[in-house]
Amino acid sequence: MEFKVLILGSNSALPAHGRHPSSQFLTVHNNHYLIDCGEGTQMQLDRFDARKSRINQIFITHLHGDHYFGIFGLLTTYNLLRRSFPLQVFGPVGLSKMISTVLDSTGNSLNYSLEVIEIEANEPQMIFEDSEVRVLTFPLKHRIPTYGYLFEEKRPSVKLNGHLLDKYKVPLDFRESIRAGKSFTSTDGTVFPASIFFEKTIEAGKFAYCSDTAPFPLLEEYVQGVDLLYHEATFLSVEKDRAELTQHSTAAQAAMTALRAGVGKLLIGHFSSRYKNLTPFKKEASAIFENTHLVEEGKDYFLD
Ligand SMILES: [Zn+2]
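Going by this note's numbering, the first residue of the sequence shown is number 28, and it counts up by one from there.
Here it is as structure tokens:
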């Protein structure tokens, strides 16, 4: 497995031009996380064969509808599918009331445990940790309380040597434990240290998710040196005044943040519906930060 981000939604405010509201499906080795959950997210998860039953944490940035109106359908679907694993949802104050209001109105109780963790942070704060990641939240600058998320991988990504795996008949279900550094014992009792199967090791990395936000100097510190930065770019520079009014960023501003923060790769998304053709976004951002990519729904993005 690896560290990868699957884009489920890339548009701002409403669905348009075949693009959907914000959502991303993050895979870090064995674990899966959902970041934002705009309308249509569960259909996008199915469309791109993302394993929604494996999501145990959902991170919501803020309570503008294009970032979380899909959560009610998803929570209800989990119930219909008889989910039994607990689910944690992180987001700003008000999220818990919003979810309980909708769910209580349906008259059905959930058959799984749902924990809503509300965030109030004026500075970066660690909010979650499991076997694969540490997650920090940090405040963004938007019209209502909004939070970014920083995912820190806890162990390197390892690519295994397929030829040696076949040669020593390593079963499929044993490969993940080899990646985690556990030795393998063959049926004749020979012990193979995990490292002999390592073909390539990629250092543990960091991914930051920033949507929605106006640019501000502290943000560059919050995402300093991350390998992969997703940053909203709702407008082109020609609409800079509108970006400022609505507390959003232009492609150039997103690129400037990436440049000043010294990130490895920049993904931009959350495009305004006024733009059907996105080529100018790439042009505008790349002129400032060369390693810029426009997010495409259904596509995976990696740390390197
Ligand atoms: Zn917003």
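For glycine and all other residues, C-beta sits at the position ideal for the given N, C-alpha and C.
Given the structure is predicted, the values throughout are model-derived calculations rather than measurements.
Leaving out five residues before and five after V253 in sequence, what residues of the same chain have Cβ atoms less than 6 Å from its Cβ? Cβ within range, chain order: K233, A235 and V290.
From the DSSP output, in three-state form, read off L114 for me. In the structure shown, L114 adopts extended strand secondary structure according to DSSP, grouped into three states.
Could you work out which residue in L293, H89, D63 and M283 is closest to P166 when comparing CA atoms only? Closest in alpha carbon position to P166, among L293, H89, D63 and M283, is H89.
Given a threshold of 16 other Cβ atoms within 10 Å of its Cβ, counted over all protein chains shown, does R332 qualify as buried or as exposed? Residue 332 is absent from the model: the chain starts at 28 and stops at 331.
How long is the line joining the alpha carbons of T228 and S132, rounded to whole angstroms? One C-alpha to the other measures close to 50 Å.
Let me have the residue list for ligand 1: C-beta closer than 5 Å to any non-hydrogen atom, ordered along the chain. Result: H91 and D239.
Enclosing beta strand (DSSP E) for L167 [first to last residue]: No beta strand (DSSP E) holds L167; DSSP gives it neither H nor E.
For a quick check, are the C-beta atoms of L101 and F75 less than 8 Å apart? Cβ atoms of L101 and F75: not closer than 8 Å.
Span of the alpha helix (DSSP H) around L245: L245 -> alpha helix (DSSP H) spans P244 to Y249.
Tell me which same chain residues have a C-beta within less than 8 Å of the C-beta of E311, skipping the five on either side of it? L263, S264, T277, A278, A279 and A282.
Distance between beta carbons of L293 and F308, contact taken as under 8 Å: Beta-carbon to beta-carbon, F308 and L293 are separated by about 11 Å, too far to satisfy the 8 Å threshold.
Decide if K79 is buried, meaning its Cβ has at least 16 other Cβ atoms within 10 Å, or exposed. The residue in question, K79, is buried, as its Cβ has 16 or more Cβ neighbours within 10 Å.
Within 8 Å of any Cβ in chain B, is that where the Cβ of V265 sits? No chain B is part of this structure, which consists of one protein chain only.
If we count the other Cβ atoms within 10 Å of its Cβ and call it buried at 16 or more, is P220 buried or exposed? With fewer than 16 other CB atoms across the displayed protein chains lying within 10 angstroms of its CB, P220 is exposed.
Excluding the 5 residues preceding and the 5 following L286 in the sequence, name in chain order all residues of the same chain whose CB lies nearer than 8 Å to its CB. Closer than 8 Å at the Cβ level, and outside the excluded window around L286, lie I315 and F316.
Would E203 pass as a contact of N57 if the rule is Cβ separation under 8 Å? Result yes, Cβ atoms of E203 and N57 sit closer than 8 Å.
Integer-rounded CB distance, given that L187 should sit under 8 Å from E159: The pair is not a contact, with the Cβ atoms about 17 Å apart (cut-off 8 Å).
Assuming V55 and E230 are in contact, meaning their beta carbons sit under 8 Å apart, how far apart are those beta carbons, in whole angstroms? Not really, about 14 Å apart at Cβ, beyond 8 Å.
Among residues of its own chain, excluding the 5 on either side of E145, which ones have a beta-carbon nearer than 7 Å to its beta-carbon? Apart from the 5 residues on each side of it in sequence, E145 sits with its Cβ closer than 7 Å to the Cβ of G118, P119, V120, L122 and S123 in its chain, given in chain order.
Cβ separation of L141 and V116, assumed to be a contact under 8 Å, to the nearest whole Å: The pair is a contact, with the Cβ atoms about 7 Å apart (cut-off 8 Å).
Using the Cα positions of H190 and G208, report the straight-line distance between them to the nearest angstrom. When rounded, the distance between both Cα atoms is 18 Å.
Below 8 Å on the Cβ atoms is my contact criterion, and I expect G65 with H44 to pass it. Report the Cβ-Cβ distance as a whole number of Å. In fact, because the Cβ distance is near 15 Å, the residues do not count as touching under 8 Å.
Run through the segment 188-250 for me and flag every whole beta strand (DSSP E) of 3 or more residues, listed as ranges in chain order. For the segment 188-250, whole beta strand (DSSP E) runs of length 3 or above, ordered along the chain, are 225-229 and 233-237.
Please list the terminal residues of the continuous beta strand (DSSP E) segment that includes Y257. Run containing Y257: L255 to E259, per the beta strand (DSSP E) assignment.
Beta-carbon gap between C237 and L245 smaller than 8 Å: No, they are not a contact pair.
Let's test the definition: count the other Cβ atoms within 10 Å of the Cβ of I301 and tell me whether it reaches 16, buried, or not, exposed. Position check: residue 301 holds Arg in this sequence, whereas Ile was assumed. By the C-beta density criterion, R301 is exposed, having fewer than 16 other C-beta atoms within 10 angstroms.
When the Cα atoms are used, what is the spatial distance from D73 to D215? Roughly 43 Å separates the two Cα atoms.
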